[in-house]
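Those letters in the sequence shown? Residues 1 to 112, per this note's numbering, in order. Every residue gets a Cβ at the ideal spot worked out from N, C-alpha and C, and that includes glycine.
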Amino acid sequence: MEETIFEKIIARKIPANIAYEDDAYIVIHDISPQAPVHVLVIPKRRIATLNDLTPGDTDLVAGIFLVAAKVMKTLGYSDYRTVFNCGPGAQQTVFHLHLHVLAGRKFNWPPG
Ligand code: 5GP
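Here it is in structure tokens:
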């Protein structure tokens, strides 16, 4: 399978503004931010979409949220929007699971 852009970032083949990293996750600032703060929480192990998760991924998925909360606390935000786009119809463009975390502006509901 061809490497995703996120795998290239994890392997330091292309640069990114890294907000956090540990053995299992990397958090980068989105190259095209949709809010004053817009980070992507990415498990290093590639899973293409939410539809590809299995029960064995439970801890990995829980960790995405724990990392998101930790990073947003570090960045000074307690209010933020979290989004998983799943599939092209929902505007997923990188098929390597990632949680968008956006902060620093007013968010509307329902989302567009
Ligand atoms: P998706 O559309 O799959 O939900 O989200 C993919 C996100 O990755 C988009 O918000 C897009 O701006 C971001 N992105 C795509 N390529 C790069 C890149 O090379 N570097 C960074 N930091 N973000 C990227």
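Buried/exposed call for residue i, threshold 16 Cβ in 10 Å
i, result
"Phe107", "exposed"
"His96", "buried"
"Ala120", "This structure does not reach residue 120, given that the chain is present from 1 up to 112, and the question cannot be answered."
Cβ-heavy atom distance, residue i to the ligand 5GP, below 7 Å
i, result
"Thr49", "no"
"Val27", "no"
"Asn108", "no"
"Asp30", "yes"
"Ile14", "yes"
"Thr93", "yes"
Cβ-heavy atom distance, residue i to the ligand COA, below 7 Å
i, result
"Val37", "With respect to the ligand COA, the structure shown offers nothing to examine, as its ligands consist of the ligand 5GP."
Residues that residue i bridges to, as DSSP identifies them
i, result
"Ala103", "Val37"
"Arg81", "Leu102"
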